[in-house]
Amino acid sequence: MNQDKRSTQNLKETIDIHLDSNVNGGFLDKLHNHYTELAPSKYYNQNVIEVENHHTRKRYSIRGEETMDVPKRKFLKYVIEDGSTIQIEYHESSNTMTIIIDVYGETVENILDKSIEIRTKLIEAI
527 MNQDKRSTQN LKETIDIHLD SNVNGGFLDK LHNHYTELAP SKYYNQNVIE
577 VENHHTRKRY SIRGEETMDV PKRKFLKYVI EDGSTIQIEY HESSNTMTII
627 IDVYGETVEN ILDKSIEIRT KLIEAI
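Per the working numbering, residue 527 is the first one in the sequence shown, and the count goes up by one each step.
Dropping the structure here:
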């Protein structure tokens, strides 16, 4: 992660989304699979520089592929160049999903623009 970029972006917004799919059990699984296989590689003109997939226990980054020693679960984490992160966890036993988005920026307007783009891509995936 580029610490220099993140340190200059001292504002942060955390978006916490909880989805419950009691009506259509396959919906959350499809959404998780979408982000496993078809996730965007860019957000607001910045690259996704690291992806952690706890289900496969793999981390993909500019350093290459690494095996992680973590519990196997349906958890994905994306790290964007500016330090912003998107974390998606699918809880199969309760058929719920938690999405936590941390957005960093220089100004409130900058953070709003970034968070709107991330949420728009999430809605498009649904």
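Beta carbons: idealized from backbone N, C-alpha and C, even for Gly.
Fair warning: this is a prediction, and the values are worked out from it, not measured in the lab.
Is DSSP giving residue i helix, strand or coil here?
i, result
"Asp639", "helix"
"Glu632", "coil"
"Ile644", "helix"
"Asp595", "coil"
"Asp542", "strand"
"Ile649", "helix"
"Leu537", "strand"
Measuring alpha carbon to alpha carbon, tell me which residue in the options is nearest residue i.
i, options, result
"Leu545", "Glu618, Leu537, Ile606", "Glu618"
"Phe601", "Ile614, Gly590, Val634", "Ile614"
"Ile626", "Ile543, Lys538, Leu537, Glu539", "Ile543"
"Asp639", "Gly552, Glu650, Tyr570, Ile541", "Tyr570"
"Gly552", "Leu537, Asn621, Asn579, Arg583", "Asn621"
Should residue i and residue j be called a contact, given that it needs their Cβ atoms to be closer than 8 Å?
i, j, result
"Ala565", "Tyr604", "yes"
"Arg585", "Glu592", "yes"
"Asp628", "Ser610", "yes"
Restricting to runs no shorter than 3 residues, where is the beta strand (DSSP E) found entirely within the segment 565 to 624?
572 to 579, 584 to 587, 590 to 593, 601 to 606, 611 to 617
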